[in-house]
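Read the structure below first, then the notes.
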Amino acid sequence: MYQLSDEQVDYILNDISARGIKMEDLQDNLLDHVCCIIEQNLEDGGAFEAFYQSTIARFYKKDLAEIEEETQLLLTFKNYYAMRKVMIRAGVVSVCAFALGSLFKIMYWPGASVLFTLAIGIFSFIFMPLLFLLKRREASNTQERLLLASGVLAGIGYAVSTLFHVQHWPGARIMWFVTLILAFFVAIPLYFFGGIRKPGQRTNTIVISVVMVGVLGVQFLLTALRPSTQTTGRIYAYLQTEDMLEKLRHQQHNNDKLVQDIQATCEALKQELLQTEIGLREIPGDFEAQNIRLNERYVANGFFTMERPGQLLKQLKQQVAAYNASKAGMPDSQLPVKNSILDDHFLDKDFCSSLYVLNNIAQLQVFLAQIPPGDAATVR
Amino acid sequence: MVYSSELVKGTLKTIVMKLLTDNKKMYGYEITQRVKELTADKIQITEGALYPTLHALEAEGLLTTQTEYIGKRVRKYYSLSPTGKTRTKERVSEMADFINTMIFLLDLKPKTA
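Pasting the structure below:
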C-alpha cells in the first residue's frame, strides 16, 4: 500500500482546484477519493504523478469541472419547479394589480397608487429576477446571456420608470431614458442579430424586433412630446392670473373671516388638483424648462369624486353661498357663480380640464381679492 | 458486462440510500467499492455521477454528514437522516414494483406455469 505524503496531498488538492472544482465539500470528497484509489492501487515506490494523472482522467469525459457543474445543476434543479411556480404566480398577481390599478387611476378611486406600487414591485423584484435565474441556464453563450441580462434590466427599468411617472416621483425621466437607451442600443440589437442568424427564427425575429421598436418609439414620442402650444399658452395665462392675484393681495388685506376662508379653500383645492396631476403643489414659473407637463384632459367629475377634493368643493360652495347671502341686495359684490365650477351642471362637461378648473378658481380669487376691505365695492 | 451509465443513473439514488441503510455510514470511495463488489463489477459508479448525487441528497435533507481527518485530508461520511430512512423504503418498494413492471413490459416473465 502506497503512503501519500502531505506534499502529495497538497499537490492533488491544488490540481483539483485548478481544474475548476471550487466547492470545498466537493474538493474534499474528490481528494479523499483519489487518495484512496492511489493508496489502494499504487505499489510502494511507484510513479505517483503519472498514476495520479491517469486516475483523475477517469473521473470525467471532457474536464473535471463537469462534476461541479453537474452538482450545481442538481442543487438548483431542486428549486427549479418551486421557482417557476412562484414566478408564474407573481406574474399573474402583478398583471391583475396593474390592470386594476389603471382602472382605479382613471376612475379616481382610492387605492390606485397602492395597486400600482404592488404590481410594479412584484414585477420588478420577484418576477423579472426569477425569470433571469430560470432562463440563465438556457443561455448557452455570452451573447445570449448578455441579451437576457439587458432584456431583464430594460424590463425592470420600463416598469419602474412607469411607476415613477404615474406617481410623479422625481427621477422618472432619467430612468426612462436609460431604459430606452438600454433597450434600443443593447437588448433589441442583440435580439435581432442573434435571432436572424437562425434560419427557423428569421421571420419571428424580424416581426418581434419591429414591434418592439415601434412600441418603444411610440412611448418615446408620448413622453418626449411637449404639450401643444395652445395648452402652454393657457398655462401661462393661468400663471398670469396667479401673479395678478398675488399683487392684489399685497395691495390690500381683507380681514373679513369669510373672505379669508374662501381664499384658503380655493388654495387648498388648487393644490390638491396640481398634486394629483403633476405631483407638485403649484406650477413653477419655469415649468417648460423643467419639462413639467400638465395635460388638458377632462378631470372634473373624477377629481371631485375623490374624498378631499369633494369635501373642499362642497365647503367652497357653502362658503360662497354664505358670502353671497351676506351681500344680499348688492348683486355687484356677490361672487359670480354662473359659468364657474360652482355651477353644478358645468362639472360633467368635457371641457372641464384641470386647467379650466385652475383658471376658474383663480378668477374667483381675483374677484374676491379686488374687493376692498369693508364694503367699498358696494358704494358706487 | 458493465451496465450502461444511463441505466445506472436512474437507480443511483436508490442504490446509495439502500447501501446506507445497511451500513450506517459510508464515504464516497467506500460506496463505489461496495457496489462493485456486490455486483461482481457489473455496476461501476463513476465519480462524476456519485458526488453530484450525494450533494443533492444532502441538500434535500435525506443524508447527514460527518467529517473525519485522515492525515491532511478530510473524509466525509454520509448516513441517512430520519426522513432519508422513510424515503429509502418508499424508493426501494417503488423500484421493486418498477422491476416487476419492466419484466412484464419487456416480456421477460419466467415461465412458471
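Line by line, the protein sequences give chains A and B.
To convert, take the position in the first sequence, counting from 1, and add 1363; that gives the numbering used here.
To convert, take the position in the second sequence, counting from 1, and add 830; that gives the numbering used here.
Quick reminder that beta carbons are idealized off the backbone N, C-alpha and C, glycines included.
Per-residue contacts from leucine 1579/A into chain B (C-beta, under 7 Å): Translated into the one-based positions of the first sequence, residue 1579/A becomes position 216. What leucine 1579/A touches in chain B: nothing, since even the nearest Cβ is about 42 Å away.
Counted within 10 angstroms of its Cβ, other Cβ atoms place proline 1562/A as buried (16 or more) or exposed: Here residue 1562/A refers to the residue found at position 199 of the first sequence. Result: exposed.
Of the residues Met831/B, Val838/B, Lys843/B, Phe928/B, the one placed nearest glycine 893/B, counting alpha carbons only: Your numbering for residue 893/B matches position 63 in the second sequence. The identity of residue 893/B in the sequence shown is leucine, whereas the question assumes glycine. Nearest of Met831/B, Val838/B, Lys843/B, Phe928/B to leucine 893/B, Cα basis: Lys843/B.
Alpha-carbon spacing of cysteine 1398/A relative to valine 832/B, whole angstroms: If you number the first sequence from 1, residue 1398/A lands on position 35. If you number the second sequence from 1, residue 832/B lands on position 2. Going by the C-alpha atoms only, they are around 25 Å apart.
contact_flag[the region 1513-1524 of chain A, the region 1465-1481 of chain A] where n(CB pairs < 8 Å) is 3 or more: no
Neighbour list for arginine 903/B in chain A, Cβ cutoff strictly below 9 Å: Along the second sequence, read from residue 1 onward, the residue named residue 903/B stands at position 73. Those are Leu1367, Val1372, Ile1375, Leu1376, Asp1391, Leu1394, Asp1395, Cys1398, listed as they occur along chain A.
Local conformation of glutamine 1615/A per DSSP, three classes: What you label residue 1615/A is simply residue 252 of the first sequence in a count that begins at 1. Three-state DSSP puts glutamine 1615/A in coil, outside helix and strand.
Extent of the continuous beta strand (DSSP E) run through tyrosine 1686/A: Within the first sequence, numbered from 1, the residue matching residue 1686/A stands at position 323. Segment 1670-1689 is the alpha helix (DSSP H) holding tyrosine 1686/A; no beta strand (DSSP E) there.
Residue-level contact to chain B via CB, leucine 1496/A, 9 Å cutoff: Stepping through the first sequence from its first residue, residue 1496/A is reached at position 133. It does not: the Cβ of leucine 1496/A has no partner Cβ on chain B nearer than 9 Å.
Cβ of isoleucine 1379/A within 9 Å of any chain B Cβ: Residue mapping note: residue 1379/A aligns to position 16 of the first sequence, counting from 1. For isoleucine 1379/A, the answer is no, since every Cβ of chain B falls outside 9 Å of its Cβ.
Range covered by the beta strand (DSSP E) that runs through lysine 907/B: Position 77 of the second sequence, counted from the first residue, corresponds to residue 907/B. Note that residue 907/B is tyrosine in the sequence shown, not lysine. Segment 903-910, the beta strand (DSSP E) holding tyrosine 907/B.
Any C-beta of chain A under 9 Å from that of tyrosine 881/B: Numbered from its first residue, the second sequence carries residue 881/B at position 51. Chain A, which has a Cβ nearer than 9 Å to the Cβ of tyrosine 881/B, makes this yes.
Residue range of the unbroken alpha helix (DSSP H) whose run includes isoleucine 1569/A: Here residue 1569/A refers to the residue found at position 206 of the first sequence. Here the alpha helix (DSSP H) through isoleucine 1569/A covers 1565-1587.
Leucine 1405/A at chain B interface by Cβ criterion, 9 Å: Start at 1 with the first residue of the first sequence, and residue 1405/A comes out as number 42. Taking Cβ atoms only, chain B never reaches closer than 9 Å to leucine 1405/A, which makes this a no.
Neighbour list for tyrosine 857/B in chain A, Cβ cutoff strictly below 7 Å: Reading the second sequence from its first residue, position 27 is the one you call residue 857/B. In chain order: Asp1395.
Within-9 Å CB hit, alanine 943/B to chain A: Along the second sequence, read from residue 1 onward, the residue named residue 943/B stands at position 113. Its pLDDT being 49, under 50, alanine 943/B is placed unreliably by the model, and the measurement read from it follows with that caveat. Chain A contact via Cβ: absent.
Chain-order list of residues whose beta-carbon lies under 7 Å from that of isoleucine 1551/A (same chain, five-residue window excluded): Position 188 of the first sequence, counting from 1, holds the residue named residue 1551/A. So the list reads Ser1572, Met1575, Val1576, once near-sequence residues are dropped.
Within 9 Å, strictly: CB atoms of leucine 868/B and tyrosine 908/B: Looking up residue 868/B in the second sequence gives position 38. Looking up residue 908/B in the second sequence gives position 78. No. Outside cutoff.
Per-residue burial, arginine 1589/A [other beta carbons within 10 Å of its own, 16 or more giving buried]: For the purposes of this step, residue 1589/A is identified with residue 226 of the first sequence, where counting begins at 1. Exposed, since its Cβ has fewer than 16 Cβ neighbours within 10 Å.
Chain B within 9 Å of methionine 1364/A, Cβ atoms only: Taking the first residue of the first sequence as 1, we reach residue 1364/A at position 1. Not an interface residue.
Cβ-Cβ distance between glycine 1665/A and methionine 1386/A below 9 Å: For this step, residue 1665/A is matched to residue 302 along the first sequence. For this step, residue 1386/A is matched to residue 23 along the first sequence. Cβ atoms of glycine 1665/A and methionine 1386/A: not closer than 9 Å.
Nonlocal neighbours in the same chain, by C-beta distance under 6 Å from alanine 1740/A, ignoring five residues either side: Residue numbering aside, residue 1740/A sits at position 377 when the first sequence is read from its first letter. Reliability of the predicted coordinates at alanine 1740/A is poor, the pLDDT of 44 falling under 50, and no value is obtained from them.
Where the beta strand (DSSP E) containing isoleucine 900/B begins and where it ends: As a first step, residue 900/B is located in the second sequence; it is residue number 70 there, counting from the start. It spans 893-900 - the beta strand (DSSP E) in which isoleucine 900/B sits, taken as one unbroken run.
As assigned by DSSP and simplified to three states, the class of methionine 1364/A: The count along the first sequence starts at 1 and reaches residue 1364/A at position 1. Correct three-state label for methionine 1364/A: coil.
Contact set between the region 1406-1432 of chain A and chain B, restricted to residues whose Cβ is under 7 Å from the partner: Phe1422, Tyr1423, Glu1429, Ile1430
Residue interval of the alpha helix (DSSP H) (run including tryptophan 1539/A): Along the first sequence, one-based indexing puts residue 1539/A at 176. Tryptophan 1539/A -> alpha helix (DSSP H) spans 1535-1545.
Residues near phenylalanine 1467/A by beta carbon distance below 8 Å, same chain, minus five either side: Here residue 1467/A refers to the residue found at position 104 when the first sequence is read from its first residue. Taken in chain order, the residues that qualify are Pro1473, Gly1474, Ala1475, Leu1478.
6 Å CB neighbourhood of valine 1529/A in its chain, flanking five on each side removed: In the first sequence, the residue the question calls residue 1529/A occupies position 166. Within the same chain, valine 1529/A has close Cβ partners Phe1479.
Identity of the residue in Ala1725/A, Tyr1374/A, Lys1690/A nearest glutamine 1390/A by Cα: Counting from 1 along the first sequence, the entry for residue 1390/A is found at position 27. Ranking the options by Cα distance to glutamine 1390/A, first place goes to Tyr1374/A.
Residue range of the unbroken alpha helix (DSSP H) whose run includes threonine 1505/A: Here residue 1505/A is taken as the residue at index 142 of the first sequence, counted from 1. Threonine 1505/A -> alpha helix (DSSP H) spans 1505-1530.
Residue environment, isoleucine 845/B, which counts as buried when at least 16 other CB atoms sit within 10 Å: Within the second sequence, numbered from 1, the residue matching residue 845/B stands at position 15. Isoleucine 845/B comes out buried.
Contact list for lysine 1441/A against chain B, beta-carbon separation under 8 Å: Within the first sequence, numbered from 1, the residue matching residue 1441/A stands at position 78. Ordered by position in chain B, the residues that pass the 8 Å Cβ test against lysine 1441/A are Ala886, Ala889, Glu890.
Assigned exposure category for aspartate 1711/A - 16 Cβ within 10 Å defines buried: One-based indexing of the first sequence puts residue 1711/A at position 348. Exposed, because fewer than 16 other Cβ atoms sit within 10 Å of the Cβ of aspartate 1711/A.
Any C-beta of chain B under 9 Å from that of glycine 1383/A: Within the first sequence, residue 1383/A is the residue found at index 20, counting from 1. False, the Cβ-Cβ gap to chain B never drops below 9 Å.
Pair within 9 Å by beta-carbon distance, isoleucine 1569/A and phenylalanine 1556/A: Walking along the first sequence from the start, residue 1569/A turns up at place 206. Walking along the first sequence from the start, residue 1556/A turns up at place 193. No, the Cβ-Cβ distance between isoleucine 1569/A and phenylalanine 1556/A is not below 9 Å.
9 Å Cβ cutoff, glycine 878/B in contact with chain A: To locate residue 878/B, count along the second sequence from 1; it is residue 48. For glycine 878/B, the answer is yes, since a Cβ of chain A falls inside 9 Å of its Cβ.
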